[in-house]
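K.L.:
Under numbering that gives the first Met the number 0, think of the first position of the sequence shown as 0, with each following residue one higher. Note that CB positions come from ideal geometry on N, CA and C, so glycine has one too. Bear in mind that the values here come from a model prediction, so they are computed numbers and not experimental data.
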Amino acid sequence: MSDQPSSSASPAPAGAVSPARRRAVVDALRRGAVPDSGLDLLATGLDRFEAAVDAELDAAIGGGSAFKAVRGEYGSGKTFFARWLGERAKRRGFAVAEVQVSETETPLHRLETVYRRATERLATASFPPSALRPVVDAWFYALEEDALAEGADDSRLEAAVAELLDDRLSEVSRGAPGFAAALRGYHSALGAGDETTAAAVLAWLGGEPHVAAAAKRAAGVRGDLDHFGALGFLQGLLAVLRDSGHPGLLLVLDEVETLQRVRSDARDKALNALRQLIDEVHSGRFPGLYLVITGTPAFYDGPQGVQRLAPLAQRLATDFSTDPRFDNPRAVQLRLPGFQLDSLTELGRKIRDLYAAGSTDPGRLLSVADDAYVADLARAVGGALGGKVGVAPRLYLKKLVGDVLDRIDQFPDFDPRVHYRLTVDRTELTDAERHAATITATSATSADEVELDL
0 MSDQPSSSAS PAPAGAVSPA RRRAVVDALR RGAVPDSGLD LLATGLDRFE
50 AAVDAELDAA IGGGSAFKAV RGEYGSGKTF FARWLGERAK RRGFAVAEVQ
100 VSETETPLHR LETVYRRATE RLATASFPPS ALRPVVDAWF YALEEDALAE
150 GADDSRLEAA VAELLDDRLS EVSRGAPGFA AALRGYHSAL GAGDETTAAA
200 VLAWLGGEPH VAAAAKRAAG VRGDLDHFGA LGFLQGLLAV LRDSGHPGLL
250 LVLDEVETLQ RVRSDARDKA LNALRQLIDE VHSGRFPGLY LVITGTPAFY
300 DGPQGVQRLA PLAQRLATDF STDPRFDNPR AVQLRLPGFQ LDSLTELGRK
350 IRDLYAAGST DPGRLLSVAD DAYVADLARA VGGALGGKVG VAPRLYLKKL
400 VGDVLDRIDQ FPDFDPRVHY RLTVDRTELT DAERHAATIT ATSATSADEV
450 ELDL
């Protein structure tokens, strides 16, 4: 599968989950998507990583920073893992930003674009994307409270806040003076009741390149954010997050394997940008940052990926020649083993139980979609994908929820063993699923359809 209980709490029993939370998870699975929240309800086989990632999150809370590379084949659950980690981070107060790397929308060799996407996708436990404005407003509120606590009265509150702003961002301002200037401009525009200018300046602070010149003049900034300035702005964002009650930022760069498909010159720049970003994390420049990248084994090991840049390959080198049972969760790379039939079936049972807890007739649903049927469907979907169970979770859960459980819940006489035949249309598949399905499709009566009787 590609957001305040305590971080170590076990997943709640299906019956204890709120209706809204259950509905959000089930609706996402029905669409064939990874839910944005509630991942603890679905996590299967991730407990082996909990202690290591929690320790790294705690280190970031203490002013450190961390980097992790996640590897797995298509369908192995990289996006799921990233969002599961994001939920654990939010329980600790972190802000989270998940950025999809792409050649056209978010090229990795342009860090200003990565920064902009991060601010657009910024989320906290209380605010969905983009949470940039609530975070900045909370920061100014904290500055005002600190100024009042230090004895400032209403007549000099504005000046006291400005002094605290300069003091808190003094280190950031040495490398990115525009960051503090934009914050001052935003606050001044709000104080003057100029919402249009305030919004425009905040957009510039978030890396937006198309901001009115008048707004930039009012804030005392000019030009647009560039590749080198992006690192300074990221440093500033971390400082603002920390003072507004968020001890860190989990930044996920998802699908970095797309770098393998770009022009060689752009690929080399992107790999070097990644190397630079990792080095900056390890240097301590970004206290509170937990940087995660996800990619396929081919990206980490192949000639068109990490191995193309020797310094980057050295930084990410991890031995995966041993038994996967003994993989080191503290290593720079984590290997996601992917689903086997037993773990896929276990996941199906979890979803079935979650669905049943909100069903009109839970007893009937559990009886008709019993453990044996859930396992049969897992085998059938895996068979439809050429036996590639590892890429089956998305499609399997989509079929289980939308084709089977929904019908049992709505039609009292529906029996999937009698009234349902698994049909997989190639148009509903992802590229990885379609590739796996070609093995079975060659023997089907239609190149566009694979049917299996359960």
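Here's the rule I'm using: 16 or more other beta-carbon atoms within 10 Å means buried, otherwise exposed. How should Q332 be labelled?
P.N.:
Answer is buried; the Cβ neighbour count reaches 16.
K.L.:
Expressed to the nearest angstrom, what Euclidean distance is found between the alpha-carbon atoms of V417 and D35?
P.N.:
Cα-Cα distance, rounded: 34 Å.
K.L.:
Would you mind listing the beta strand (DSSP E) stretches within the segment 294-351 that are 3+ residues and don't spill past its ends, in chain order?
P.N.:
332-334, all fully within the segment 294-351.
K.L.:
Over what stretch of residues does the beta strand (DSSP E) that includes K215 continue unbroken?
P.N.:
Careful: K215 lies outside any beta strand (DSSP E), inside the alpha helix (DSSP H) at 212-218.
K.L.:
If the criterion is Cβ atoms closer than 8 Å, does the pair A141 and L156 meet it?
P.N.:
Taking 8 Å as the Cβ cut-off, A141 and L156 do not qualify as a contacting pair.
K.L.:
For E86, which beta-bridge partners are listed by DSSP?
P.N.:
Bridge partners of E86: none, in fact.
K.L.:
Using DSSP's beta-bridge definition, name the partner residues of Y114.
P.N.:
In the DSSP output, where bridge partners are listed per residue, Y114 has none listed.
K.L.:
Would you kindly report the start and end of the unbroken alpha helix (DSSP H) that includes A42?
P.N.:
Here A42 belongs to no alpha helix (DSSP H), and DSSP marks it neither H nor E.
K.L.:
Measuring straight from C-alpha to C-alpha, what distance separates E432 and L394?
P.N.:
Approximately 8 Å, taken between the alpha carbons.
K.L.:
Tell whether a beta-carbon distance below 8 Å holds between L40 and R91.
P.N.:
No, the pair does not count as a contact, with Cβ atoms beyond the cut-off.
K.L.:
What's the gap between the Cα of F178 and the Cα of T112?
P.N.:
In a straight line, the C-alpha of F178 is about 16 Å away from that of T112.
K.L.:
Considering just the uninterrupted stretch of the beta strand (DSSP E) at L252, what are its terminal residues?
P.N.:
248-253 is the extent of the beta strand (DSSP E) around L252.
K.L.:
Which residues mark the beginning and the end of the alpha helix (DSSP H) in which R70 is found?
P.N.:
Here R70 belongs to no alpha helix (DSSP H); instead the beta strand (DSSP E) covers 65-70.
K.L.:
When the Cα atoms are used, what is the spatial distance from D152 to T195?
P.N.:
The alpha-carbon atoms of D152 and T195 are separated by roughly 29 Å.
K.L.:
Put L290 into one of helix, strand or coil per three-state DSSP.
P.N.:
Note: L290 maps to strand in three-state DSSP.
K.L.:
Could you please give me the residues that DSSP links to S101 through a beta bridge?
P.N.:
For S101, which the question treats as bridged, DSSP gives the partners T105.
K.L.:
Which residue's Cα is closest to the Cα of D253: G231, L288, G294, K215?
P.N.:
With distances taken between Cα atoms, D253 lies closest to G294.
K.L.:
Anyone know if the C-beta pair for R348 and R314 falls short of 8 Å?
P.N.:
Taking 8 Å as the Cβ cut-off, R348 and R314 do not qualify as a contacting pair.
K.L.:
Tell me the residue span of the alpha helix (DSSP H) that contains D145.
P.N.:
Taken as a continuous stretch (DSSP letters only), the alpha helix (DSSP H) holding D145 covers 131-148.
K.L.:
Identify the residues that DSSP records as bridge partners of A122: which are they?
P.N.:
Looking at the DSSP assignment, A122 forms a beta bridge with V95.
K.L.:
DSSP state of S282, grouped into three classes?
P.N.:
In the structure shown, S282 sits in a helix (DSSP, three-state: H, G or I).
K.L.:
Is it true that the CB of A191 sits closer than 8 Å to the CB of V134?
P.N.:
Not closer than 8 Å, so no.
K.L.:
Please list, in chain order, all residues of the same chain as Y185 whose beta carbon is under 8 Å from its beta carbon, the five residues on each side excluded.
P.N.:
Result list for Y185: V135, A197, V200, L201, L204, A218, in chain order.
K.L.:
Using C-beta distances below 6 Å, list every residue in its chain close to A309, excluding the 5 sequence neighbours before and after it, in chain order.
P.N.:
Contacts found: none.
K.L.:
Would you say A391 and L421 are within 8 Å of each other, going by their C-beta atoms?
P.N.:
For A391 and L421, no; Cβs fall outside 8 Å.
K.L.:
Can K398 and V373 be called in contact, C-beta distance under 8 Å?
P.N.:
Contact: no.
K.L.:
So, using beta-carbon positions, are P128 and A122 closer together than 8 Å?
P.N.:
Going by C-beta atoms, P128 is nearer than 8 Å to A122.
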